[in-house]
Amino acid sequence: MAQVEATTERTIAAQPDDVFDALADYNGTRGKILSDHFSEYEVREGGDGEGTLVHWKLQATSKRIRDCLLEVSEPNDGELVEKDRNSSMVTTWTVTPAGEGRSRVVVSTVWNGAGGIGGFFEKTFAPKGLARIYDAVLDKLAAEVEK
């Protein structure tokens, strides 16, 4: 099993604290900015950053649906980490200043991929597909915080 990683980023015309607060708001903003690839969204504990437990199903392809139960932590300023209890998947959101009134948001997901030929295809195609999914989320995040 090889580790697979998907990363994408965007610069958003909003203050870093506002962007981070929107990402960490699982009771409000987060559900609104998810793309159609996400379903069955439910906050099970908390709802604001650290200590949140959130569930969703992520449909990466027509045949690949991942049932996610994510524990949220904030190990560093501007960093939100979502660890899936159901798999090895970990997604890290990092928000940093990008000039006056602007923020750089980087989202990176890593997981232990399959072995063999299936693993080869997963490592080759999954990162691009997941990056497209998170690009759509970042578009909605920008639309939400740049109001």
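For this note's numbering, count along the sequence shown from 1 and bump the result up by 922.
Glycine included, each C-beta is placed from N, C-alpha and C at the ideal position.
Everything numeric in this text was worked out from a predicted model, so none of it was measured.
Here residue 975 is not near residue 988, since their CB atoms are 8 Å or more apart. Contact between residue 938 and residue 1021 does not hold, since their C-beta atoms are separated by about 11 Å, which reaches or exceeds 8 Å.
In the three-state scheme derived from DSSP, where H, G and I count as helix and E and B as strand, residue 1024 is classed as coil. About 5 Å separates the Cβ atoms of residue 927 and residue 1032, confirming a contact at the 8 Å cut-off. Remark: C-beta atoms of residue 1058 and residue 934 do not approach each other more closely than 8 Å.
When rounded, the separation of the alpha-carbon atoms in residue 963 and residue 1023 is 31 Å. Going by DSSP, residue 939 is part of the alpha helix (DSSP H) stretching over 938 to 946. If you draw a straight line from the Cα of residue 982 to the Cα of residue 954, it is about 19 Å long.
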